[in-house]
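Chains L and E supply the protein sequences, listed in that same order.
First residue of the first sequence? That's 6 in our numbering, and the numbers climb one at a time after it.
First residue of the second sequence? That's 35 in our numbering, and the numbers climb one at a time after it.
For every residue, glycine included, the Cβ atom is placed at its ideal position computed from N, Cα and C.
A short worksheet on the structure shown next.
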Amino acid sequence: MERPSKNDDRTGVGSSGRRAFLGGAVVWAASAVAAGAIGAMVTAFRALGRRGTSAWETDGAGLDGVIGAERLGPGVLLRSTAEGPRAWSLRCPHLGCTVIRTADGFRCPCHGSRFDDQGNRLEGPAPEGLAPLPVQRVGTRWRVRTREGGA
Amino acid sequence: MSGSRLGGVGAWIQGAWGRGALAFLWMAVLSGVALAPFWRGGQARESLELLDGGLPWGWWIRGLHVWSAEGALVCTLLHSLDIVARRGEGRIPPGAWTRSVLLLPAMVAAMASGFLMRGDASARAAREVLRGVLATIPALGEFLATMLLGTDGDLTVVGLQHAGLWTLVLVVVTPEHARRTWSDGSALAFALCLSAALAGLSSRPLDGLPVDGEVLRGPWVLWGLQGLLGRLPAWTGWALPILGVGGLALLPRVRRPWARRGLLLALGLLVLAWIAGSLEVVGDGTP
């Protein structure tokens with residue numbers, strides 16, 4: 006019995022044509038699945054990145070009415086001022102290192118950016134000053150919101 | 035006859051850096067396996083403190099792991115330099131050369147992730163810097179930063195990438211490149227003796243929060259990057275290494291002598307900038 010050659014055109018679609026079509030279909034299907042999987046992974050990782058504590062709370066004792074009194078939280082500085090409580094993020098706006106308190110302000114130990122006592126940028130590669138954070142009074146405690154959308 | 039004997043000795047010496055790199059790599063892998071059961075991603079610093087002070091010989095095995103990894107990187111760099119200086123890249127198939135070049139960033143990534151696993155102040159700062167650099171990669175930056183560095187204070191993801199990604203890549207690609215699994219006895223003995231001696235002589239203490247005037251340096255393999263990032267935008271933190279590795283990978287495809295010289299000059303300038311950045315960090319500490 007005669008076997009059809011690879012380029013048999015009696016049917017109009019040779020075996021090589023069918024293979025090419027099937028191969029192309031598989032590649033496109035695999036690409037679609039891969040794109041969907043990557044999209045799902047990116048979404049999942051983004052959600053994971055936003056997870057975590059969004060607020061820090063501390064007792065008001067020792068801060069209430071004591072102008073200039075400060076308290077350090079995780080990545081947060083809380084200060085009692087004449088206008089009320091104020092808080093700043095201690096995350097350097099350059100690349101995210103935690104800044105350290107100095108006698109006259111703050112300094113980033115990674116790339117040397119300096120900030121004044123109010124968190125304003127003085128020098129260094131940081132594009133801006135330390136981010137002010139909203140403070141809320143909850144009973145006898147102070148709550149500092151450390152992330153967008155937090156409680 | 036004497037010529038062939040000299041050729042054999044010359045070839046042995048020329049291959050010494052490669053065999054040394056393979057030997058140091060296996061020392062690092064085996065000591066890492068010994069360390070792994072004691073490390074906790076959620077309490078990285080505490081688990082290493084326990085290893086350093088509470089377990090017999092724990093500090094020495096950690097030192098052996100660190101020094102052998104550094105030995106592997108130094109030998110790999112010298113091996114690459116030796117190959118390029120002898121124009122050996124043209125005698126290697128292009129695919130094999132590309133894989134060999136990619137071993138360099140994989141090794142740096144393995145060492146950097148190992149440093150992050152310390153969980154002390156320097157490691158936390160280095161993690162934030164790397165996160166900031168990765169986040170500037172268009173579209174995929176945030177995803178890559180989370181996938182490679184994890185979130186919050188838990189370093190389990192970093193440990194997984196250290197052992198399950200970077201080390202695995204090195205363990206698969208290096209023997210494939212060398213066409214042998216183990217190095218020879220003399221290279222293994224040399225790697226063991228040198229790493230063991232350095233581990234005994236020089237401890238790797240963990241650090242705390244810096245006081246005013248001190249700087250957080252990160253691993254020495256990233257000092258150049260740390261110095262350059264004080265002056266250049268964050269995206270250069272991934273663009274410059276890609277340029278360097280890409281340039282080295284393209285070297286065998288550059289046939290014209292003047293183009294090869296130009297490419298080598300550009301790579302040399304990149305290395306000089308890296309060294310200058312490193313010296314700046316070592317110098318006064320504030321890039």
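query                                                                                                                                                                       : result
Counting along the chain, where does the beta strand (DSSP E) carrying S85 of chain L start and finish?                                                                     : V81 to T86
Could you give the distance in angstroms between the alpha-carbon of G154 of chain L and the alpha-carbon of T180 of chain E?                                               : Because the pLDDT at G154 of chain L is just 41, under 50, the model does not fix this residue reliably, and the value given afterwards should be weighed accordingly. Their backbone Cα atoms lie some 20 Å apart in a straight line.
Distance, Cα to Cα, A37 of chain L vs P127 of chain E?                                                                                                                      : 33 Å
Do C109 of chain E and G54 of chain E have their beta-carbon atoms positioned less than 8 Å apart in this structure?                                                        : yes
Kindly list, in the order they appear in chain E, the residues whose Cβ is closer than 8 Å to that of G101 of chain L.                                                      : E162, V163, R165 and G166
Report yes if the C-beta distance between W101 of chain E and S217 of chain E is below 8 Å; otherwise report no.                                                            : no
What does DSSP give as the partner residue(s) for R119 of chain L in the beta ladder?                                                                                       : L:R112 and L:E128
Taking the CB atoms as reference points, tell me whether L135 of chain L and S85 of chain L lie closer together than 8 Å.                                                   : no
Tell me T63 of chain L's beta-bridge partners as DSSP assigns them.                                                                                                         : L:W147
For G52 of chain E, which residues from the same chain have a beta carbon less than 7 Å from its beta carbon, with the 5 sequence-adjacent residues on both sides left out? : H113 and A212
With 8 Å as the threshold, decide whether the Cβ of L199 of chain E is near any Cβ in chain C.                                                                              : No chain C is present in this structure, whose protein chains are L and E.
Three or more beta-carbon pairs under 8 Å between the segment 295–313 of chain E and the segment 251–266 of chain E, yes or no?                                             : yes
Identify the residues that DSSP records as bridge partners of L138 of chain L: which are they?                                                                              : L:A92
With a threshold of 8 Å between beta-carbons, can I105 of chain L be considered close to chain E, or not?                                                                   : yes
Mark C102 of chain L as exposed unless 16 or more other C-beta atoms lie within 10 angstroms of its C-beta, in which case mark it buried.                                   : buried
Under the rule that 16 or more other beta-carbon atoms within 10 Å means buried, what is R289 of chain E, buried or exposed?                                                : exposed
Could you pull out every residue in the same chain whose Cβ sits closer than 6 Å to the Cβ of W131 of chain E, ignoring the five residues on either side in sequence?       : E123 and P286
For chain L, is any of its Cβ atoms less than 8 Å away from the one on V142 of chain E?                                                                                     : no
Determine the chain L residues that contact A159 of chain E at a beta-carbon separation under 8 Å, and present them in chain order.                                         : C102, T103, P114 and C115
Return yes when the Cβ of L137 of chain E is within less than 8 Å of the Cβ of L204 of chain E, no when it is not.                                                          : yes
Give the residues of chain L in contact with G264 of chain E, contact being defined as C-beta atoms less than 7 Å apart.                                                    : H116, G117 and P130
Is it true that the CB of L77 of chain L sits closer than 8 Å to the CB of W147 of chain L?                                                                                 : no
From E:G76, E:L183, E:V191 and E:W308, pick the residue whose C-alpha is nearest to that of G166 of chain E; which is it?                                                   : E:L183
For chain L, check one thing: does any of its Cβ atoms lie closer than 8 Å to the Cβ of A268 of chain E?                                                                    : yes
Smallest Cα separation from A173 of chain E: which of L:A35, L:G44, L:G28 and L:G22?                                                                                        : L:G44
Please report how far the alpha carbon of T270 of chain E lies from the alpha carbon of L168 of chain E, in whole angstroms.                                                : 10 Å
What in chain L is Cβ-close to E248 of chain E, meaning under 8 Å?                                                                                                          : P114
Assign S65 of chain E to buried or exposed, taking buried as 16 or more other Cβ atoms, counted over all protein chains shown, within 10 Å of its Cβ.                       : buried
Under 8 Å by Cβ, that's how I've got P244 of chain E and P130 of chain L pegged, so tell me the actual separation to the nearest angstrom.                                  : Between P130 of chain L and P244 of chain E the Cβ distance is about 18 Å, and since that is not below 8 Å, they are no contact.
Between which two residues does the beta strand (DSSP E) holding T107 of chain L run?                                                                                       : I105 to T107
Are there 16 or more other CB atoms within 10 angstroms of the CB of D154 of chain E, so buried, or fewer, so exposed?                                                      : buried
Let me make sure I understand the geometry here. Which of E:A157, E:T170 and E:V118 has the alpha-carbon closest to that of R238 of chain E?                                : E:A157
Going along chain L, which residues have a C-beta under 9 Å from L243 of chain E?                                                                                           : T103, I105 and P114
Let's see if you can read the secondary structure: which residues bound the alpha helix (DSSP H) around G252 of chain E?                                                    : Segment: none, G252 of chain E is in no alpha helix (DSSP H) and carries neither H nor E.
Please return the same chain residues whose Cβ sits closer than 8 Å to the Cβ of V104 of chain L, not counting the five positions on each side in sequence.                 : L95, R96, C97, F111, R112, C113, P114, S118, F120 and L135
Do V192 of chain E and S147 of chain E count as a contact pair if the criterion is CB distance below 8 Å?                                                                   : yes
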